[in-house]
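Working notes, structure below.
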Amino acid sequence: MRFLADIPDDDVQWLDAVARTEGKSRAAVVRDAVTAFRHRDEKAGMEKYFGLWERHGSAVDGLDYERRLRDEWPSVDDLDGKKRPDAA
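The numbering of the sequence shown is our numbering, which starts it at 6 and goes up by one.
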C-alpha cells in the first residue's frame, strides 16, 4: 500500500544515508523500520505475559506438573491383569 507522510527534512536525509549504507531504497528502509517497530511491540507483549504466573506466585514447573498428573494414572503393574480402563 502506498501512503503519503510528511517527514522532516533531517529525517529524510537520515533515511537516505541509511538507504545508501544498506544498499536499499528509502521505501525499503521505512518498511524495515515499520516491521521492527511491530516486532518490538510484539516482544513487549510477550514479555508482559510470559512468566505472568511466576510474578503472581503461581508458577509451577511444567515437567513437575506433568509428572504429578501422570502419577494419578494407574500403572500397568497396578492393574494386575485387569482390563485397562482406556481399553475397549
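All C-beta atoms in this analysis are idealised placements derived from N, C-alpha and C, irrespective of residue type, glycine included.
Of the residues the options, the one placed nearest residue i, counting alpha carbons only
i, options, result
"leucine 20", "Arg72, Val81, Lys53, Ala32", "Ala32"
"alanine 10", "Arg45, Thr26, Val35", "Val35"
Supposed close pair residue i, residue j - CB separation, criterion 8 Å
i, j, result
"serine 30", "alanine 24", "6 Å"
Handout entry: Unbroken stretches of the beta strand (DSSP E), 3 residues or longer, contained in the segment 27–75
Key = none
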